[in-house]
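Participant: Have a look at the structure that comes next, please.
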Amino acid sequence: EEESGVIDFPIDGKMSVSKFKVVSRTTCSGQSPFDVLTTVDLWPVTGRMHQLRRHMLHNGTPILGDEKYFLGNACAPTGSEPKMCLWAVEVDFLHPFTSERVMVSIPEPIYYE
């Protein structure tokens, strides 16, 4: 299994590229339908609708809890609503008026660290 790489797969007939890097692999308990859960950092190079979700499915590693592209079990602490295991913890872009780089970040949800 690759630890990092590029997924270059068209979406809706348009070029679509995402980068990924494996952060960790967690062995699941006997109650889980999965053997291993892999945490990855993802970077969309292009901006297609649902790009990361569709690229991960194409890569054979769908995003847990994604009810549109992967109908597997959700990833959520006991007693809470199911959630798709996809969070934007950092976003950066060029400011449209000043052309300065703007970066906004938040900590990962505590139950997902």
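In this text, residue positions in the sequence shown follow my numbering: the first is 1, and each later residue adds one.
From the three backbone atoms N, C-alpha and C, an ideal C-beta is built for every residue, glycine too.
Note that the structure is a prediction, hence the values are computed from the model and not measured.
1. Per DSSP, what kind of secondary structure is isoleucine 106 in: helix, strand or coil?
2. According to DSSP, is glycine 5 helix, strand or coil?
3. Tell me the DSSP secondary structure of leucine 52 in three-state form.
4. Give the single residue among Gln51, Thr26, Lys21 and Asp92 whose Cα lies nearest to the Cα of aspartate 12.
5. In angstroms with no decimal places, state the Cα-to-Cα distance between leucine 42 and serine 16.
6. Can you give the beta carbon distance from leucine 86 to isoleucine 63, rounded, assuming they're within the 8 Å contact cut?
7. So valine 89 and glutamate 108 are in contact, right, with Cβ under 8 Å, and what is the actual spacing, rounded?
8. Tell me whether glutamate 113 is buried or exposed, calling it buried when 16 or more other Cβ atoms sit within 10 Å of its Cβ.
9. Going by beta-carbon coordinates alone, are methionine 49 and aspartate 66 separated by less than 7 Å?
10. Which residue marks the beginning of the beta strand (DSSP E) containing valine 40, and which one marks its end?
Facilitator: On the basis of the supplied data:
1. The DSSP-derived three-state label of isoleucine 106 is coil.
2. Strand at glycine 5.
3. In the structure shown, leucine 52 sits in a helix (DSSP, three-state: H, G or I).
4. For the residues Gln51, Thr26, Lys21 and Asp92, the minimum Cα distance to aspartate 12 belongs to Gln51.
5. Going by C-alpha positions, leucine 42 is about 13 Å away from serine 16.
6. Confirmed, Cβ separation roughly 5 Å.
7. Their Cβ separation, rounded to whole angstroms, is 5 Å, which keeps valine 89 and glutamate 108 in contact under 8 Å.
8. Note that glutamate 113 scores 45 on pLDDT, short of 50, meaning its location in the model is unreliable and no value can be drawn from it.
9. For the 7 Å CB-CB criterion, methionine 49 and aspartate 66 do not form a contact.
10. 36 to 44 is the span of the beta strand (DSSP E), which, as asked, contains valine 40.
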